[in-house]
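Chemist: So the sequence shown is numbered by my numbering: it starts at 223 and just counts up by one. Glycine included, every Cβ here is placed at the ideal spot set by N, Cα and C. Predicted, not measured: the structure shown is a model, and the values here were computed from it. Next up is a structure, given as structure tokens.
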Amino acid sequence: MDRRTFIQELKLPIMATCAICLGSCAKDDITTPGGGNTGGNNTGGNTTNSFKVDLTKELQAVGSFIFNDKIIVVRLATGSVPSSFVALQRACTHQGTDVNWNASKNEFICPNHGARFNTSGQNIGGQSTSALPVYAISISGTTLSVG
Numbered sequence: 223m224d225r226r227t228f229i230q231e232l233k234l235p236i237m238a239t240c241a242i243c244l245g246s247c248a249k250d251d252i253t254t255p256g257g258g259n260t261g262g263n264n265t266g267g268n269t270t271n272s273f274k275v276d277l278t279k280e281l282q283a284v285g286s287f288i289f290n291d292k293i294i295v296v297r298l299a300t301g302s303v304p305s306s307f308v309a310l311q312r313a314c315t316h317q318g319t320d321v322n323w324n325a326s327k328n329e330f331i332c333p334n335h336g337a338r339f340n341t342s343g344q345n346i347g348g349q350s351t352s353a354l355p356v357y358a359i360s361i362s363g364t365t366l367s368v369g
């Protein structure tokens, strides 16, 4: 068998192996806002920097999140006090891609270039060099207010 025929015969198995290897490189434990088992929900077409959340229906479990077009709110701890939650800008400060919440690592990750932010919004890795803005949270009864 000559070299050309040999390479032609191996082309398909090599491509299949590469596809399998690249598929195994996918990032795990990243929850895209609005899905997964963490209870993330979109609050609808709300595009303002303020909104309200009914805590009897949303954000009941630690690690759950909710978002609108501009802000993502995550429940970090039990209890209905403002310090049990965090509200951050969704858009990464690098190029504006919406960040994803990684509950197992307690951090936000930008899927575009891998920028990582802690729950205070501080950049802890990746291409972004500035923090995500944090929004004020208040709670009255069972209603959480952002902004």
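Can you confirm whether the stretch 307–325 touches the stretch 334–344 when touching is taken to mean that 3 or more C-beta pairs between the two stretches lie within less than 8 Å?
Modeler: With the cut-off at 8 Å, the stretch 334–344 and the stretch 307–325 touch.
Chemist: Using the three-state DSSP reduction, which class does Lys327 fall into: helix, strand or coil?
Modeler: Here residue 327 corresponds to residue number 105 of the sequence shown, with the count starting at 1. In the structure shown, Lys327 sits in coil (DSSP, three-state: anything other than H, G, I, E or B).
Chemist: Ends of the beta strand (DSSP E) at Asp276?
Modeler: Along the sequence shown, read from residue 1 onward, the residue named residue 276 stands at position 54. From DSSP, the beta strand (DSSP E) with Asp276 extends over 273–276.
Chemist: If you count every other CB in all the chains shown that lies within 10 Å of the CB of Ser286, and 16 or more means buried, which is it?
Modeler: By 1-based counting over the sequence shown, the position of residue 286 is 64. Buried, because 16 or more other Cβ atoms sit within 10 Å of the Cβ of Ser286.
Chemist: Cutting at 7 Å between CB atoms, please list the residues of its own chain near Asn268, excluding the five before and the five after it.
Modeler: In the sequence shown, counting from the first residue as 1, residue 268 sits at position 46. Residue placement at Asn268 is flagged as unreliable, the pLDDT there being 49, under the threshold of 50; the coordinate-derived value follows with that caveat. Contacts found: Asn290, Asp291.
Chemist: Rounded to whole angstroms, what's the CA-CA distance from Lys347 to Thr227? Just pull it up for me.
Modeler: Here the question's residue 347 lines up with position 125 in the sequence shown. Here the question's residue 227 lines up with position 5 in the sequence shown. Note on residue identity: the sequence assigns Gly, not Lys, to residue 347. Distance between the alpha carbons of Gly347 and Thr227 is about 47 Å.
Chemist: What did DSSP end up calling Arg338 once you bin it into helix, strand or coil?
Modeler: On the sequence shown, position 116 is the one that residue 338 refers to. Three-state DSSP puts Arg338 in a strand.
Chemist: Compute the Euclidean distance between the alpha carbons of Ile359 and Phe307, then round it to the nearest angstrom.
Modeler: Indexing the sequence shown from 1 puts residue 359 at position 137. Indexing the sequence shown from 1 puts residue 307 at position 85. Each residue's alpha carbon lies about 8 Å from the other.
Chemist: Using the DSSP secondary-structure output, state which residues sit across from Asn345 in a beta bridge.
Modeler: As a working note, residue 345 is residue 123 in the sequence shown. DSSP lists Phe339 as partners of Asn345.
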